[in-house]
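Asker: In the working numbering, the protein residues as written are 1210 to 1502.
Before I ask anything, here is the structure I am working with.
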Ligand code: NAP
């Protein structure tokens, strides 16, 4: 069994980005600038945004955090998005999800200029991704593809099962893996909560991407010998072992699944750090105006 070290690969990518930033600055370019909009005080969202801001500082980006209280109106949030769209100094920005229930998430995401949508959630970027056109690819699936590439895990011709069909992880993941590209060409089955006899699919899979948000869902008897297992799940569960009072649990019952795998990602330290590296990559692309000149 080989452990896929997402933390290490993410740091390597961040070092490459930092070098490129230095190069840009030496050519008189301004610092790439990522802004993040955070609504409310959800512990998970706070942690994710803080890691993104910290990573920006490390690679030499400028970062801005805009906070709104939980009760912010949809109009006020849309106004913030419009301001960021117009701000020439901001290269890209994200609105941290989930948003409170009284706000129409889709409306907010669609109000972001596609050229600044470094999370890759805007329909224009999703559509361009499907059509194989230059775009910002959603950070988590993009990070997973990069991990597979770095570990030289063959996807071409392989049977791949993606569990979970969300717009931000499962669906784009299934599209990327099925594409006629170097890190695609897999035969993909996209499973979800209505899938019957999930195990009959997963036990056939060479590669399983678990993105459902159900702690330790994937058990050893659902995995064939030698499979590659990528665990996207990050559910906060109460814990007396940590100072914070919780720990992150993946969607894979790691201890029993890992011995059967050729490669597996841990939680934490697998997919999570790659999501951040991908967001930084997208922001650098935005700063260089490579996708939308
Ligand atoms: P989501 O929007 O809640 O979607 C979950 C998906 O899983 C849905 O498509 C759902 O099916 C499916 N599902 C739920 N229970 C199932 C079951 N028993 N069998 C088969 N499919 C089932 O979640 P998400 O936003 O994609 O996130 C998934 C997990 O990844 C969460 O733990 C999240 O925290 C984590 N995540 C991690 C990162 C990272 O950077 N590491 C980034 C994003 C998300 P239906 O469509 O039929 O409801």
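All C-beta atoms in this analysis are idealised placements derived from N, C-alpha and C, irrespective of residue type, glycine included.
Can you determine whether any heavy atom of the ligand FAD sits closer than 8 Å to the C-beta of residue 1426, and answer yes or no?
Answerer: Among the ligands present in this structure, namely the ligand NAP, the ligand FAD is not found.
Asker: Take residue 1533 and list the residues in its own chain whose beta-carbon comes closer than 7 Å to its own, dropping the five residues that flank it on each side.
Answerer: Shown here, the chain extends from 1210 to 1502; a query on residue 1533 therefore has no answer.
Asker: Please go through the segment 1347 to 1390 and give each complete alpha helix (DSSP H) segment of 4 or more residues, from N-terminal end onward.
Answerer: As far as the segment 1347 to 1390 is concerned, its whole alpha helix (DSSP H) runs of at least 4 residues are 1348 to 1359, 1379 to 1387.
Asker: Between which two residues does the alpha helix (DSSP H) holding residue 1486 run?
Answerer: Here residue 1486 refers to the residue found at position 277 of the chain shown. Counted as a single uninterrupted DSSP element, the alpha helix (DSSP H) harbouring residue 1486 occupies residues 1480 to 1496.
Asker: Compute the minimum distance between the beta carbon of residue 1442 and the heavy atoms of the ligand NAP, and state whether it is under 8 Å.
Answerer: In the chain shown, the residue the question calls residue 1442 occupies position 233. At least one heavy atom of the ligand NAP is nearer than 8 Å to the Cβ of residue 1442, so yes.
Asker: Shorter than 8 Å, the distance from the beta carbon of residue 1407 to the closest heavy atom of the ligand NAP, or not?
Answerer: Position 198 of the chain shown, counting from 1, holds the residue named residue 1407. Yes, the beta carbon of residue 1407 sits closer than 8 Å to at least one heavy atom of the ligand NAP.
Asker: Going by DSSP, what residue range makes up the alpha helix (DSSP H) through residue 1445?
Answerer: One-based indexing of the chain shown puts residue 1445 at position 236. Premise fails: residue 1445 lies in the beta strand (DSSP E), 1444 to 1447, not in any alpha helix (DSSP H).
Asker: Taking 8 Å as the cut-off, is the C-beta of residue 1422 nearer than that to any heavy atom in the ligand NAP?
Answerer: As a first step, residue 1422 is located in the chain shown; it is residue number 213 there, counting from the start. Under cutoff, so the answer is yes.
Asker: Identify whether residue 1271 lies in helix, strand or coil by the three-state DSSP scheme.
Answerer: Here residue 1271 is taken as the residue at index 62 of the chain shown, counted from 1. Here residue 1271 sits in strand by DSSP.
Asker: How big is the Cα-Cα spacing for residue 1421 and residue 1369?
Answerer: Taking the first residue of the chain shown as 1, we reach residue 1421 at position 212. Taking the first residue of the chain shown as 1, we reach residue 1369 at position 160. Whole-angstrom Cα-Cα distance: 16 Å.
Asker: If you run the structure through DSSP and keep just helix, strand and coil, what is residue 1430?
Answerer: On the chain shown, residue 1430 is found 221 positions in, with the first residue counted as 1. DSSP places residue 1430 in the helix class (H, G or I) of the three-state scheme.
Asker: Who are the Cβ neighbours of residue 1301 in its own chain at under 7 Å, not counting the five residues just before and after it?
Answerer: Numbered from its first residue, the chain shown carries residue 1301 at position 92. Counting only Cβ-Cβ distances below 7 Å, and skipping sequence neighbours, we find 1243, 1325, 1327, 1491, 1492, 1495.
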